[in-house]
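Peer 1: Chains as they are written, first to last, in my numbering: chain A, 102 to 583; chain C, 41 to 300.
Please see the structure below; I have some questions.
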Amino acid sequence: MEKDQDKVLTEVTSGEYKYGFVTDIETEVIPKGLTEDVVRLISAKKEEPEWMLEFRLKAFRHWLTMKMPTWAHLTIPEIDFQEIIYYAAPVQKKGPDSLSDVDPELLKTFDKLGIPLEEQKHLTGVAVDAVMDSISVKTTFRETLAEMGIIFCSFSEAVREHPTLVQKYLASVVPYTDNFFATLNSAVFSDGSFCYIPKGVRCPMELSTYFRINTSNTGQFERTLLIADEESYVSYLEGCTAPMRDENQLHAAVVEIIAERGAEVKYSTVQNWYPGDKNGKGGIYNFVTKRGICKGDDSKISWTQVETGSAVTWKYPSCILRGNNSTGEFYSVAVTNNYQQADTGTKMIHIGKNTKSTIVSKGISAGFGQNSYRGLVKVLGKAEGARNFSQCDSLLLGDKCGAHTFPYIEVDNPTAIVEHEATTSRIGEDQIFYCNQRGISTEDAIGLIVNGYAREVINKLPMEFAVEAQKLLQISLEGSVG
Amino acid sequence: MLQINELRAAIDDKEILKGLTLEVKPGEIHAIMGPNGSGKSTLANVLTGRDIATVTHGSIIFEGRNLLEMSPEERAREGIFLSFQYPIEIPGVSMVNFMKTAINEQRKHRGLDPLSASEFLRQMREKKELVEIDSALTNRSVNEGFSGGEKKKNEIFQMAMLEPRLAVLDETDSGLDIDALRIVANGVNKIRRPDTSVIVITHYQRLLEYIIPDYVHVLYDGRIVRSAGPELALELEERGYDWIRKEADITEESWTTDQK
Ligand SMILES: Nc1ncnc2c1ncn2[C@@H]1O[C@H](COP(=O)(O)OP(=O)(O)O)[C@@H](O)[C@H]1O
Ligand SMILES: [Mg+2]
Numbered sequence: 102m103e104k105d106q107d108k109v110l111t112e113v114t115s116g117e118y119k120y121g122f123v124t125d126i127e128t129e130v131i132p133k134g135l136t137e138d139v140v141r142l143i144s145a146k147k148e149e150p151e152w153m154l155e156f157r158l159k160a161f162r163h164w165l166t167m168k169m170p171t172w173a174h175l176t177i178p179e180i181d182f183q184e185i186i187y188y189a190a191p192v193q194k195k196g197p198d199s200l201s202d203v204d205p206e207l208l209k210t211f212d213k214l215g216i217p218l219e220e221q222k223h224l225t226g227v228a229v230d231a232v233m234d235s236i237s238v239k240t241t242f243r244e245t246l247a248e249m250g251i252i253f254c255s256f257s258e259a260v261r262e263h264p265t266l267v268q269k270y271l272a273s274v275v276p277y278t279d280n281f282f283a284t285l286n287s288a289v290f291s292d293g294s295f296c297y298i299p300k301g302v303r304c305p306m307e308l309s310t311y312f313r314i315n316t317s318n319t320g321q322f323e324r325t326l327l328i329a330d331e332e333s334y335v336s337y338l339e340g341c342t343a344p345m346r347d348e349n350q351l352h353a354a355v356v357e358i359i360a361e362r363g364a365e366v367k368y369s370t371v372q373n374w375y376p377g378d379k380n381g382k383g384g385i386y387n388f389v390t391k392r393g394i395c396k397g398d399d400s401k402i403s404w405t406q407v408e409t410g411s412a413v414t415w416k417y418p419s420c421i422l423r424g425n426n427s428t429g430e431f432y433s434v435a436v437t438n439n440y441q442q443a444d445t446g447t448k449m450i451h452i453g454k455n456t457k458s459t460i461v462s463k464g465i466s467a468g469f470g471q472n473s474y475r476g477l478v479k480v481l482g483k484a485e486g487a488r489n490f491s492q493c494d495s496l497l498l499g500d501k502c503g504a505h506t507f508p509y510i511e512v513d514n515p516t517a518i519v520e521h522e523a524t525t526s527r528i529g530e531d532q533i534f535y536c537n538q539r540g541i542s543t544e545d546a547i548g549l550i551v552n553g554y555a556r557e558v559i560n561k562l563p564m565e566f567a568v569e570a571q572k573l574l575q576i577s578l579e580g581s582v583g
Numbered sequence: 041m042l043q044i045n046e047l048r049a050a051i052d053d054k055e056i057l058k059g060l061t062l063e064v065k066p067g068e069i070h071a072i073m074g075p076n077g078s079g080k081s082t083l084a085n086v087l088t089g090r091d092i093a094t095v096t097h098g099s100i101i102f103e104g105r106n107l108l109e110m111s112p113e114e115r116a117r118e119g120i121f122l123s124f125q126y127p128i129e130i131p132g133v134s135m136v137n138f139m140k141t142a143i144n145e146q147r148k149h150r151g152l153d154p155l156s157a158s159e160f161l162r163q164m165r166e167k168k169e170l171v172e173i174d175s176a177l178t179n180r181s182v183n184e185g186f187s188g189g190e191k192k193k194n195e196i197f198q199m200a201m202l203e204p205r206l207a208v209l210d211e212t213d214s215g216l217d218i219d220a221l222r223i224v225a226n227g228v229n230k231i232r233r234p235d236t237s238v239i240v241i242t243h244y245q246r247l248l249e250y251i252i253p254d255y256v257h258v259l260y261d262g263r264i265v266r267s268a269g270p271e272l273a274l275e276l277e278e279r280g281y282d283w284i285r286k287e288a289d290i291t292e293e294s295w296t297t298d299q300k
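Structure below.
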């Protein structure tokens, strides 16, 4: 058994993070540190209109009055915000119109990540916006989508070409004063994806954004704004990776979703940022504000997340259920192995009548990982007939990891029904041995058990990504039971 | 096919098996009987590679290979099967998925392609009938919420699917009513090919009325103290273990072992 354990351990250290490479490409970086001048510089580089700069400056001035919050169940060393580079962009021709304008090095990078940018090579039915460091490199299938009136482009382009839409919806769900990291993002965000689905349109393909951090010492601050007009439907997927580095890197994004009357938005995340090495050195700080509003009646927003990466994950994809009969869903699998930490969950704010929300959270902790579910279900006084069901499960591998659940329930309407269930279980040596005795290796046994445990969430992912997510779960737990 | 030689094994420095020797030839059925705590399950654990007990002395050769150097899964793939005294529940893992993984791992080990879905399902159906297991059970998670009897049947069902060369049945009869006992025992008989060897660990003689052993061994305090033909089982049934205890204790330094 000793020998086995050693073997398993070497496998983990060698079979590690697949996406840890660095792309050697000329990158334009601005000096590190954050001042009003830096904010102006970012805005100037993007040739932004005055209103955009004003928004940034307001946010920046507000941010100066704020302190990084400490309430999460996380241990985070102090972050020196003056040591971070706030803008880094691979040098290429401005606004590549065709693929031949995109640097071959970049194409190769995304190919290697399994995200080919050539449309004919891509998974059928998936359009991609590829973001490297601070800028969007290429958005595929734009023309096809444009024929249906769907706008899918980088955030910078949206600011230039669809200023009315951006101005109407930007910060309407996450105000620039919202929280420390959202405010920081509002000041320095560099790019991201923008998407608008017009009335009555069912988006025929998966839309996705792939985020890649490449340059060292940079933070990535992108914004996603997703608007589903009345009676429209879209399924959106976000993926992310980063090179292996010894220093921590900050990723502080903002995602806003607006669902008008009768619209449905599915937002899925497969988060695989570099988690740090097995001693907890390096890795991404993933501090993201994600929030959607079901603005119109009968609208629906569904968040699905599979979080396997990052040194620290700190986020609560949430739904404001303002329209009557609107629905919010949150399905989450979060893995913390080695020294990874996660404090994640959701907020469901019931404002409209007969609003429904479902929360399914599956935490998996291994090694020295710390995994917390934190969730708020709030039912306001007028939310007649509101319903919530929450299921929070924790699975532990080994005895040095931790799982914690912090449910907050605030109900101001007596007709509301709020249910909360929680379980904690452990993968036992006896279960592993039972599998071994049937010829199944320990790694495969953990894979079977974990995927069984997470199936309810994985099944919510678009099919093309479910298999990927399943593999990712198994890989991220490799070697966690000796 | 199996030679156990002077085997000693300890749990937390306490010696449980104290020099056990046993040879099983292809196609033979050996019954191992003995009072609670005599080391029967420990022997099953050592044979299958569960690391609760540590082997301190002796050897086990299986099909010419040193068994003690093989991982538990390798032993399983080589054809050693244990029907667990206490089968384990694995929530979230369906029996179908579990069985498919197990079979295909075994096939891979033997250089065979994975079974096709239809062939796999055909075998599932056929083997389910053999042990009269309810179809609904195989749609559930492994052993989850199964009754004691269903768990035991499920063990034999898995044995039927995996067709082992050496099956170790650890108290498969305990907790079974007479009907279930008959089904399980007949199942074992039907599964067995002429060269399949079986070690039946049991407390009672009644299982051995159906699965007729070639040899009966009495395990007492970590040693085989008596071996004979099937008639020994009857004698034990009639006279209990006390006479064995007395006989064994007379010939041993009994004051050093704790009395149960
Ligand atoms: N996991 C364990 N930890 C400590 N002692 C054990 C463990 N399993 C068995 N033993 C001890 O080993 C001895 C033999 O047990 P076992 O092999 O289960 O006997 P049997 O199956 O014949 O009833 C007993 O004294 C028992 O208490
Ligand atoms: Mg026993």
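All C-beta atoms in this analysis are idealised placements derived from N, C-alpha and C, irrespective of residue type, glycine included.
Source: prediction; values computed, not measured.
(1) Among C/Gly227, C/Glu55 and C/Val182, which one has its Cα closest to the Cα of A/Tyr535?
(2) Report yes if the CB atom of C/Ala220 is closer than 8 angstroms to the CB atom of C/Tyr250, and no otherwise.
(3) Roughly how many whole angstroms lie between the Cα atoms of C/Glu211 and C/Ile72?
(4) Going by C-alpha distance, which of C/Asp53, C/Lys58, C/Arg246 and C/Lys54 is nearest C/Leu47?
(5) Could you check the C-alpha separation between C/Val136 and C/Asn179 for me, to the nearest Å?
(6) Starting from C/Gln146, find everything on chain A with Cβ-Cβ shorter than 8 angstroms and list it in chain order.
(7) Might you give, ordered along the chain, the residues of its own chain that have their beta carbon closer than 8 angstroms to the beta carbon of C/Gly189, omitting 5 neighbours on each side?
(8) In three-state DSSP terms, what is C/Gly188?
(9) Can you list, in chain order, the residues of its chain with a C-beta nearer than 8 angstroms to that of C/Gln299? Leave out the 5 residues immediately preceding and following it.
(10) Residue range of the beta strand (DSSP E) that C/Arg90 falls in?
(11) Note down the Cα distance separating A/Ile314 from A/Val461, rounded to an integer number of angstroms.
(12) Taking just the CA atoms, how far does A/Leu308 sit from A/Phe295?
(13) Compute the Euclidean distance between the alpha carbons of C/Arg233 and C/Lys167, then round it to the nearest angstrom.
(14) Mind checking the stretch 553-568 of chain A against chain C and listing, in chain order, the residues whose C-beta falls within less than 8 angstroms of any C-beta there?
(15) Are there any heavy atoms of ligand 2 lying less than 7 angstroms away from the beta-carbon of C/Lys192, as far as the coordinates show?
(16) With distances taken between CB atoms, is the gap from A/Cys254 to A/Thr241 smaller than 8 angstroms?
(17) Does any heavy atom of ligand 1 sit closer than 7 angstroms to the C-beta of C/Asp52?
(18) Once you ignore the five residues that flank A/Ser577 on each side, which residues in its own chain have a CB closer than 7 angstroms to its CB?
(19) Consult DSSP for C/Phe124 and reduce its assignment to one of helix, strand or coil.
(20) Report whether the distance from the Cβ of A/Lys479 to the nearest heavy atom of ligand 1 is below 7 angstroms.
(21) Using a Cβ cut-off of 8 angstroms (strictly closer), state whether C/Gln198 contacts chain A.
(22) What in chain C is Cβ-close to A/Asn472, meaning under 8 angstroms?
(23) List the residues that DSSP assigns as beta-bridge partners of A/Cys493.
(24) Counting only Cβ pairs nearer than 8 angstroms, list the residues of chain C close to A/Gln492.
(25) For A/Asn349 and A/Pro178, I'd like the C-alpha separation in whole angstroms.
(26) Rounded to whole angstroms, what's the CA-CA distance from A/Leu351 to A/Thr171? Just pull it up for me.
(27) Would you check if the distance between the CB atom of C/Gln163 and the CB atom of C/Met201 is smaller than 8 angstroms?
(28) Between the alpha carbons of A/Met169 and A/Glu149, how many angstroms are there, rounded?
(29) If you compare alpha carbons, which of A/Tyr417, A/Tyr187, A/Lys146 and A/Leu175 is closest to A/Phe161?
(30) Tell me which residues share the same chain as C/Leu122 and place their Cβ nearer than 7 angstroms to its Cβ, disregarding the 5 neighbours each side in the sequence.
(31) Is there at least one Cβ from chain A nearer than 8 angstroms to C/Met135's Cβ?
(32) At which residue ranges does the stretch 313-371 of chain A contain complete alpha helix (DSSP H) runs of 4 or more residues, listed in the order of the chain?
(33) Whose C-alpha, out of C/Tyr260, C/Ala142 and C/Gly269, is nearest the C-alpha of C/Ile56?
(34) Given 7 angstroms as the limit, tell me if C/Lys80 has its C-beta closer than that to any heavy atom belonging to ligand 4.
(35) If you drop the 5 nearest sequence neighbours on each side, which residues of the same chain put their C-beta closer than 8 angstroms to that of C/Ile130?
(36) A/Gly468 bridges to which residues according to DSSP?
Peer 2: Well, looking at it:
(1) C/Val182
(2) no
(3) 10 angstroms
(4) C/Lys58
(5) 7 angstroms
(6) Gly540
(7) Gly215, Leu216, Asp217 and Ala220
(8) helix
(9) Here C/Gln299 scores only 41 on pLDDT, less than 50, and its place in the model is too uncertain to base an answer on.
(10) Per DSSP, C/Arg90 belongs to no beta strand (DSSP E) and is neither H nor E.
(11) 30 angstroms
(12) When rounded, the distance between both Cα atoms is 11 angstroms.
(13) 15 angstroms
(14) Those would be Gly553, Tyr554 and Arg556, in chain order.
(15) Result no, Cβ not under 7 angstroms from ligand 2.
(16) no
(17) yes
(18) Beyond the five residues adjoining it in sequence on each side, A/Ser577 comes within less than 7 angstroms, by CB distance, of Thr409, Val436 and Asn438 in the same chain, given in chain order.
(19) coil
(20) no
(21) yes
(22) What A/Asn472 touches in chain C: nothing, since even the nearest Cβ is about 18 angstroms away.
(23) A/Ser462 and A/Ala523
(24) Counting only Cβ-Cβ distances below 8 angstroms, A/Gln492 has no contacts in chain C at all, with the closest Cβ about 13 angstroms away.
(25) 10 angstroms
(26) Between A/Leu351 and A/Thr171, the alpha-carbon positions lie close to 16 angstroms from each other.
(27) yes
(28) 28 angstroms
(29) A/Tyr187
(30) Ala84, Thr88, Val208 and Asp210
(31) no
(32) Counting only runs of 4 or more, we get nothing.
(33) In terms of Cα proximity to C/Ile56, the closest of C/Tyr260, C/Ala142 and C/Gly269 is C/Tyr260.
(34) Judged by which ligands are present, ligand 4 is missing from the structure shown, whose ligands are ligand 1 and ligand 2.
(35) Contacts found: Phe138, Ser181, Val182, Asn183 and Glu184.
(36) None, per the DSSP bridge assignment.
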